[in-house]
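One structure is given here, and the rest of the page talks about it.
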Amino acid sequence: SVPSINLSGCKYESVRRAAQHCGLKEAGENEEWTVYWTDSTVTLDRLMEMKRFQKINHFPGMIELCRKDLLARNLNRMLRLFPKEYNIFPRTWCLPAEEGEAAHLLFLGTRAQTLTCFGTHRGDLFRRPPTTDGDVCKEKPFLIDGFKFDMRIYVLVTSCDPLRIFLYKEGLARFATMRYIDHSTRNLGDICMHLTNYAINKHNENFITDDTVGSKRKLSTLNAWMAEHSYDTSKLWADIDDIVIKTLISAHPVLKHNYQSCFSNYTTGCACFEILGFDILLDRRLKPWLLEV
Numbered sequence: 001s002v003p004s005i006n007l008s009g010c011k012y013e014s015v016r017r018a019a020q021h022c023g024l025k026e027a028g029e030n031e032e033w034t035v036y037w038t039d040s041t042v043t044l045d046r047l048m049e050m051k052r053f054q055k056i057n058h059f060p061g062m063i064e065l066c067r068k069d070l071l072a073r074n075l076n077r078m079l080r081l082f083p084k085e086y087n088i089f090p091r092t093w094c095l096p097a098e099e100g101e102a103a104h105l106l107f108l109g110t111r112a113q114t115l116t117c118f119g120t121h122r123g124d125l126f127r128r129p130p131t132t133d134g135d136v137c138k139e140k141p142f143l144i145d146g147f148k149f150d151m152r153i154y155v156l157v158t159s160c161d162p163l164r165i166f167l168y169k170e171g172l173a174r175f176a177t178m179r180y181i182d183h184s185t186r187n188l189g190d191i192c193m194h195l196t197n198y199a200i201n202k203h204n205e206n207f208i209t210d211d212t213v214g215s216k217r218k219l220s221t222l223n224a225w226m227a228e229h230s231y232d233t234s235k236l237w238a239d240i241d242d243i244v245i246k247t248l249i250s251a252h253p254v255l256k257h258n259y260q261s262c263f264s265n266y267t268t269g270c271a272c273f274e275i276l277g278f279d280i281l282l283d284r285r286l287k288p289w290l291l292e293v
């Protein structure tokens, strides 16, 4: 029979088009399916009810990377164990658990320092510029035509035991819409200078829609620009590969345990797959830093 996909929990037409292109028939809510695609987290009941031939687009436990506070906890644990190898993300604290450490470093010494608080309903993250080697703000960001940008890297995980990771070489470069000036107390409020979020910059009158010089470009366009300007893109992508692998390794014990608990009857193949978006910022030395997953 023709493999089918259940998209009752998916609102994206792009997924529907991709499924049709791959020859998948769309199954109704109460019909049997081969692939289940949902935009939200998956309930334990849904996982436990799956049959051996079925696959779902989330791993149980991937929240360990996709929630900012849990990602910070996992990366900080690995940083303590392997300080050189895990110098891949900005210095980050989760509050209130690490408030004491953050406050101690904030007021250490006489030099005035600042903390930026990223508040979420799931936890607060503090990032501190520019006094420690682990801070992305210590190095100025890499600029193109005077603008700061970040990279959205798409990663496909097809197995967690063993860990199998595929990195897609196409993605997005998202630009700020105000030319970058070294940060100071006077320009910290210029969000369209410091933040590269598309959701913020698309409302700025300076937002440019253009495939080559626009405020949102393909990674292939960025790679071509770097090659034309004699930057070492092979080294950059090797460093990005390194970040992706190390980030997934930081949560691997939880992913493996949760998967084996839910799918102990799967002897061949993998019941889950997941597409992740890694947000990467480059500093002026072309060193990539992980912002979030």
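The UniProt record's numbering puts the first residue of the sequence shown at 1, with every later residue one more than the last.
No residue lacks a Cβ here, since even glycine has one placed at the ideal position from N, Cα and C.
Would you check if there are 3 or more beta carbon pairs closer than 8 Å linking the segment 264-272 to the segment 203-223? no
Can you tell me the Cβ-Cβ gap for PHE89 and LEU75, rounded? I've got them flagged as a contact below 8 Å. 5 Å
Opposite ILE153 in the DSSP bridges: which residues? PHE278
Which residue's Cα is closest to the Cα of PHE82: LYS169, LYS256, SER250 and LEU167? SER250
Based on the DSSP output, what are the partners of PRO162 in its beta bridges? None; PRO162 has no bridge partner.
State the DSSP-derived secondary structure class of GLU85, mapped to helix, strand or coil. coil
So, at 8 Å on beta carbons, what are the nonlocal neighbours of MET48 in its own chain, with the 5 sequence-adjacent residues on each side left out? CYS262
Just grab the DSSP bridge partners of THR221 for me. Note: THR221 sits in no beta bridge, so no partner.
Following the continuous beta strand (DSSP E) through SER184, name the residue where it begins and the one where it ends. Where SER184 is concerned, there is no enclosing beta strand (DSSP E), given that its DSSP letter is neither H nor E.
Once DSSP output is grouped into helix, strand and coil, what is the label at ASN30? coil
May I have the straight-line CA-CA distance separating ARG91 from ILE191, to the nearest angstrom? 21 Å
Can you tell me whether DSSP reads PRO253 as helix, strand or coil? helix
Look at LEU167 and VAL293 and say whether their C-beta atoms are less than 7 Å apart. no
Hey, how far is the Cα of LEU222 from the Cα of HIS229? 11 Å
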